[in-house]
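Student: Take the position in the sequence shown, starting the count at 1, then add 326; the result is the number in this note's numbering. C-beta atoms are modelled at their ideal positions from N, C-alpha and C, and glycine is treated no differently.
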Amino acid sequence: MASIGDVAKLAGVSRSTVSLVCNNKGYVSDETRKKIEKAMKELNYIPSELGRNLKMQKSGIVGIIVPDIAHPFFSTFIKYAEKELYSRGYKALVCGTAGREDVEEAYLQMLDRRTMDGVIMGAHSLKKERYLKIDRPIVTIDCYLADYIPTVHVDKRQVAEKAASLFLEKNRKKVVQLVSSHTIKNYEDEKEKVFREMLQKKGCEVVDISVGYNTFTTEKYQDAAARAFETCNDMDGILGVDMAAAACMREAQLRGRKVPEDLSIVAIDGTYITKIGPEILTAIVQPIEEMAQKLVSMIISQIEGKKIEEVESIFGVTVQSGETC
């Protein structure tokens, strides 16, 4: 295996000059850089990333912790975040917690041990105090931890208003809202409240049905969909995240309900899952790519000691015209 000394000898330069090129630091003329890169290629020399990271006191790795990597929102987010991190010289360590607190704790301990330079938190199943103990770079998706911890989310009031308008346009009278339970302040609270108030002011009944706590599996969404039809068979509208809406669409077909003639279904997220069925789901679309890029920018700014101008970044949403409302 070739060493840095072998590269220096072949290129006719010092070891320190080779080191400057490998670490992309200091001034090296273009001619010398090309000679070194040619020598590295000829010798198949790969710089020691571990050694470089130890010297620079960084790993070059950013953790992305999510409750379920198979969930359409999180899988889409991971795709864009990983791409953005790589373009900016970092690699992603994707951590799926499967909704387990012990798994999330294990990944946070990796951050504490400096195995990662920072973490993007999409899972929030531990007590708030645990996150506040972290003295490493951290940003969150759709969750408030503290005024000084950067977060990105969509305008939940806008989500609620756009969704409510879709049901009111169809003159719906009883709408089920599929909701998730959480222990930490979540921006979903505002969405649920505004949605309920807007419909109730127009004489529309709103029934909340819980999907469960920290739940993101297909089975849980299917169970919630079945409970919605069993307990509110006279409902004429359903609002839920993409997977919940898709599960309700399937349940409606099994029970012979006509969508959208006598039952409107609206999804929230607007991921690929809304477009792969026989009918395109009407959806409130989150700009996931832009949100991922913003969070990556925030975490890298923290890692590199730069000031973050916006601790809270709020994005607007759009409506995807579909065939279910």
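Just confirm the distance between the C-beta atoms of V501 and G566, as a whole number of angstroms; I'd bet it's less than 8 Å.
Tutor: With 8 Å as the limit, V501 and G566 do not qualify as a contact, their Cβ atoms being about 11 Å apart.
Student: At 4 residues or longer, what runs of the alpha helix (DSSP H) sit wholly inside the region 383-423?
Tutor: 398-413
Student: Report the residue from A334, K633, C530, K620 whose alpha carbon sits nearest the alpha carbon of I404.
Tutor: K620
Student: Output the residue ranges of the alpha helix (DSSP H) runs that lie fully inside the region 603-651 and measure 4 residues or longer, sorted by chain position.
Tutor: 614-629
Student: Skipping 5 residues on each side, what residues in its chain have a beta carbon closer than 7 Å to that of A618?
Tutor: Here A618 has F403, Y406, A407, E410 as same chain residues with Cβ atoms under 7 Å from its own Cβ, once five neighbours each way along the sequence are excluded.
Student: Can you give me the C-alpha to C-alpha distance between A572 and I387, rounded to a whole angstrom?
Tutor: For A572 and I387, the distance between alpha carbons rounds to 35 Å.
Student: Restricting to Cα atoms, I'd like to know which of G389, E357, D549 is closest to Q435.
Tutor: Residue G389 is the option with its Cα nearest to Q435.
Student: Applying the criterion that 16 or more other CB atoms from any shown protein chain within 10 Å of the CB defines a buried residue, is Y412 buried or exposed?
Tutor: exposed
Student: Are the Cβ atoms of H479 and I640 separated by less than 8 Å?
Tutor: yes
Student: Per DSSP, which residues does H479 bridge with? Please list them.
Tutor: I640
Student: For the structure I just gave you, are there three or more beta carbon pairs, one from the region 412-425 and one from the region 457-472, closer than 8 Å?
Tutor: no
Student: Between which two residues does the alpha helix (DSSP H) holding I362 run?
Tutor: 356-369
Student: My output table needs one value for G538: the three-state DSSP class, helix, strand or coil.
Tutor: Residue state, collapsed to three classes: strand.
Student: Just to confirm, is the Cβ distance from E649 to E605 under 8 Å?
Tutor: Cβ distance < 8 Å, so E649 and E605 count as in contact.
Student: Measuring alpha carbon to alpha carbon, tell me which residue in N350, P373, K360, V354 is nearest G331.
Tutor: P373
Student: If I follow the unbroken alpha helix (DSSP H) through D515, where does it start and stop?
Tutor: Taken as a continuous stretch (DSSP letters only), the alpha helix (DSSP H) holding D515 covers 514-527.
Student: Go to G331, then tell me how far its alpha helix (DSSP H) extends in each direction, as first and last residue.
Tutor: Here the alpha helix (DSSP H) through G331 covers 330-337.
Student: State buried or exposed for Y433, treating a residue as buried only when at least 16 other CB atoms are found within 10 Å of its CB.
Tutor: Classification for Y433: buried.
Student: Hey, E430 and I460 are a contact pair by Cβ (cut 8 Å); roughly how many whole angstroms apart?
Tutor: In fact, because the Cβ distance is near 12 Å, the residues do not count as touching under 8 Å.
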